[in-house]
Amino acid sequence: MTTTSAPPAATREALGRTLVKLRNDGLDIVVVDADLGNSTTARKFRDEFPDRFFTVGIAEQNMIGVAAGLAAAGKIAFCSTFSVFMPGRCFDQIRVGVAQPQLNVKMVASHAGISVGEDGISAQAIEDLALMCSLPGVNVIGPADVVEAEQAIEVAARTPGPFYIRTGRSKLPQIYDESYRFELGKAHVLRPGGDATIIANGLLVHAAVEAADTLSQDGIDCRVLNMATLRPLDEGAIVAAARETGCIVTAEEHLIGTGLSAMVSQVVTANAPVPMNAVGLTGYAESGKSNELLEKYGLTASDIVREVKAVIERKGQS
Amino acid sequence: MVATETTEELAAKARRIRRHIITMVTEAQSGHPGGSLSSVEILTALFFRVMQHDPSNAADPDRDRFVLSKGHCTPVYYGALTEAGYFPVEEIVTFRQLNSRLQGHSKVGTVPGVEMSAGSLGQGLSYSIGQALAARLDGRDYRTFCLLGDGECQEGSNWEAFMSAGFYELDNLCAIIDRNGVQNDWFVDETMPLGALDAKLEAFGWHAVTVDGHDIDALLAAFDEAQRTKGCPTVIIARTVKGKGVSFMENDPAWHGKGPSPEQAEQALAEIGE
Ligand SMILES: Cc1ncc(C[n+]2csc(CCOP(=O)(O)OP(=O)(O)O)c2C)c(N)n1
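First to last, the protein sequences are chains V and R. Its first residue numbered 1, the first sequence is counted upward by one per residue in the working numbering. Its first residue numbered 1, the second sequence is counted upward by one per residue in the working numbering.
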């Protein structure tokens, strides 16, 4: 399973149409928007259900507060904006207003990471997963393709409690087809393998699969885990990867040391210490085309290949 | 210092800045033409008549400050900065490209003249209050000008800032609201209307002036009035047209944030004129 024949699609495209479907299925969904509904695709819901769509204007903090109130009154309250603004602007509203009372607020945040491109650093969310994962009781998901994003949104709608789902702007080949079943809190094994494990999420899952294919030509048999759910984290899959493959490389479109790499390291060091390397960002990037930025800031398949080879060298040393 | 142009010269500057905006968003195939074109006369008046500033001494502690709170409108900002001589005009084609100083949203430490890192709406006015308070504390005469979008005024943080500027009676601070009536997705009045902004701001302790934001003489008179108003900050509510000067962009939300095709750019430049 590498990519399906479906046309490339961005994970953000999942939102509007999935919300329409879920409302048609009878779920008590409402949507709160803060003037980015065209970009996040939430506005599609407004076309079908205008009385269930509330815009608060450019006022993200108010958006979260209103969604919390709607959720407390029994609604499944979705809200959406760019990933930079969701936790960035609204952290305290989310912390006290949503996470602590465990309300049914579903935050779907688009345009994540540096692949947003030309807008530059103010628009490039590279800390959002760290912020959201720091909140007890919030489910955090970074889907790898549009099929997984649709299913994650459906799971969020049908599962009580707060969710944060991170989507992207770039069109990507589809990894999964309709037969796929996203499971909350479960890593998905995209490649079996015993020499090393690459644990990735979001955009970097694509590079991870490509890297594993390249490495297999050198006789290196890599396991690839799509760790779409960061909270709750699939500790079992991480411990098994450490024990069975003896080394791990994490890959994420996010700051190293605060998101996936930090969370995997914590589980590995506590349960089955093995060498680990990380592919990810170490600081803010700049404006540029998405693919140019991914290359310049080291988020490509060849960066993963290099780190896998390096981490394998350290196997058995301590 | 850049501050001697006649009204005709200012109009010519405005046309050149409009042309730069079109060149930048066309080359980049992204960026924000609508809210840049609506602010052209505001920046022209400020950079070429109202403000005391010296491009060869951009860090002068006594310079007047221009703070672009609606940080997506870098095309008009860079257009004005290059026309004022802050950086070579040849550089504008690098807008939003890898390794360029001309970042998509304004960032300090890139080109000289950029006062604040922005791009997250609703932060510039607080920053401007800080600048104005520092001027008062240090006994400096510089003035601080802050440009906001009307959609941006929906952010609650601005109202916290409006309140404190009124309380501190900052008559060395002047806010300009580009009231073009359009935000990202749609029209302001159909998204979250702002209503009587002048009355609201007067209630927050500001002196409010409403002008045609494309009439440079009217803007100059308003800035003059702001300068003469003591004991409170002034807000200039500039009635403008988003996409002003390019017929197919005018008042169309679709042109908030995208670049035109080469053919559209040609038409735009023809409409703007030399
Ligand atoms: C905090 C924040 N929320 C959302 C955005 C995304 N955004 C960029 S521009 C814009 C619309 C701004 O409208 P307005 O202030 O009227 O600007 P103008 O029409 O003058 O371009 C939005 C929602 C942002 N940059 N910052």
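Beta carbons: idealized from backbone N, C-alpha and C, even for Gly.
Under a CB-based cut-off of 8 Å, is residue i close to chain R?
{"i": "Ser287(V)", "result": "yes"}
{"i": "Glu253(V)", "result": "no"}
{"i": "Phe78(V)", "result": "no"}
{"i": "Asn38(V)", "result": "yes"}
{"i": "Gln61(V)", "result": "yes"}
{"i": "Glu327(V)", "result": "It is not possible to answer for residue 327(V), since the shown part of chain V is limited to 1 through 318."}
{"i": "Phe91(V)", "result": "no"}
{"i": "Phe182(V)", "result": "no"}
{"i": "Arg12(V)", "result": "no"}
What does residue i reach in chain R if we use C-beta pairs closer than 9 Å?
{"i": "Ile58(V)", "result": "Leu121, Gly122, Gly149, Gly151, Glu152, Cys153, Gln154, Glu155, Gln183, Asn184, Thr191 and Met192"}
{"i": "Asp344(V)", "result": "Any answer about residue 344(V) is impossible in this case: the structure gives chain V only from 1 up to 318."}
{"i": "Lys296(V)", "result": "Leu98 and Asn99"}
Note down, in chain order, every chain V residue with its Cβ under 9 Å from the Cβ of residue i.
{"i": "His105(R)", "result": "Asp119, Gly120, Ile121, Ser122, Ala123 and Ser287"}
{"i": "Ala118(R)", "result": "Ser122"}
Run down chain R in chain order and give the residues with a C-beta less than 8 Å from the C-beta of residue i.
{"i": "Asn226(V)", "result": "The premise fails here: Asn226(V) is roughly 29 Å from chain R at the closest Cβ pair, so nothing lies under 8 Å."}
{"i": "Thr4(V)", "result": "Correct list: empty, because the minimum Cβ distance to chain R is about 29 Å."}
{"i": "Arg43(V)", "result": "Asp185"}
{"i": "Phe85(V)", "result": "Ser120"}
Shorter than 8 Å from the beta carbon of residue i to some beta carbon of chain V?
{"i": "Arg179(R)", "result": "no"}
{"i": "Ala28(R)", "result": "yes"}
{"i": "Gly71(R)", "result": "yes"}
{"i": "Ser36(R)", "result": "no"}
Along chain R, which residues have their Cβ under 7 Å away from the Cβ of residue i?
{"i": "Thr55(V)", "result": "Thr191 and Met192"}
Measuring only between beta-carbons, confirm whether residue i sits less than 8 Å from chain C.
{"i": "Ser80(V)", "result": "This model lacks chain C altogether; the protein chains it does include are V and R."}
Measuring only from the beta carbon, is residue i closer than 7 Å to any heavy atom that is part of ligand 3?
{"i": "Ser56(R)", "result": "The model on display carries ligand 1 but not ligand 3."}
Are the region 8-18 of chain V and the region 168-175 of chain V in contact at 8 Å, needing three or more beta carbon pairs?
-> yes
Note down, one range per segment and in chain order, each alpha helix (DSSP H) of at least 4 residues found wholly within the region 201-252 of chain V.
-> 204-217 and 235-245
On the three-pair Cβ rule with 8 Å, is the region 218-238 of chain R touching the region 170-183 of chain R?
-> yes
Is it a yes or a no for the region 97-115 of chain V touching the region 96-107 of chain R, going by three-plus beta-carbon pairs under 8 Å?
-> no
Pairing CB atoms from the region 239-251 of chain V with CB atoms from the region 274-292 of chain V, are three or more of them under 8 Å?
-> yes
Ordered list of alpha helix (DSSP H) runs contained in the region 37-89 of chain V, each at least 4 residues = 37-40, 43-48 and 60-72
What are the start and end residues of each continuous beta strand (DSSP E) run of 3 or more residues lying completely inside the region 231-274 of chain R, in chain order?
-> 234-239
Taking 8 Å as the threshold, find out whether the region 222-230 of chain V comes into contact with the region 256-264 of chain V through three or more Cβ pairs.
-> yes
Could you tell me whether the region 14-22 of chain V touches the region 38-57 of chain V, where touching means 3 or more Cβ pairs closer than 8 Å?
-> yes
Of all the alpha helix (DSSP H) runs that stay within the bounds of the region 191-228 of chain R, which reach a length of 4 or more residues?
-> 197-203 and 216-228
What are the uninterrupted segments assigned as beta strand (DSSP E) that are 3 or more residues long and contained completely in the region 85-152 of chain V, given in chain order?
-> 105-110 and 139-141
Assess, as a yes-or-no matter, whether the region 159-166 of chain R is touched by the region 179-199 of chain R under the definition of 3 or more beta carbon pairs within less than 8 Å.
-> no
Does the region 188-196 of chain V come close enough to the region 152-164 of chain V to have 3 or more Cβ pairs within less than 8 Å?
-> no
Touch test, the region 133-143 of chain V against the region 121-139 of chain R, Cβ-Cβ under 8 Å, three pairs minimum | no
Are the region 77-86 of chain R and the region 128-141 of chain R touching, with three or more C-beta to C-beta distances below 8 Å?
-> no
Decide yes or no for the touch test of the region 82-90 of chain V against the region 118-129 of chain V: beta carbon pairs closer than 8 Å, at least 3 of them.
-> yes
Starting from the N-terminal side, write out each stretch of the beta strand (DSSP E) that is 3 residues or longer and does not extend beyond the region 139-188 of chain R.
-> 144-149 and 173-179
Inter-stretch contact (C-beta, 8 Å, three-pair minimum) for the region 174-183 of chain R and the region 238-249 of chain R | yes
On the three-pair Cβ rule with 8 Å, is the region 60-73 of chain V touching the region 95-106 of chain V?
-> yes
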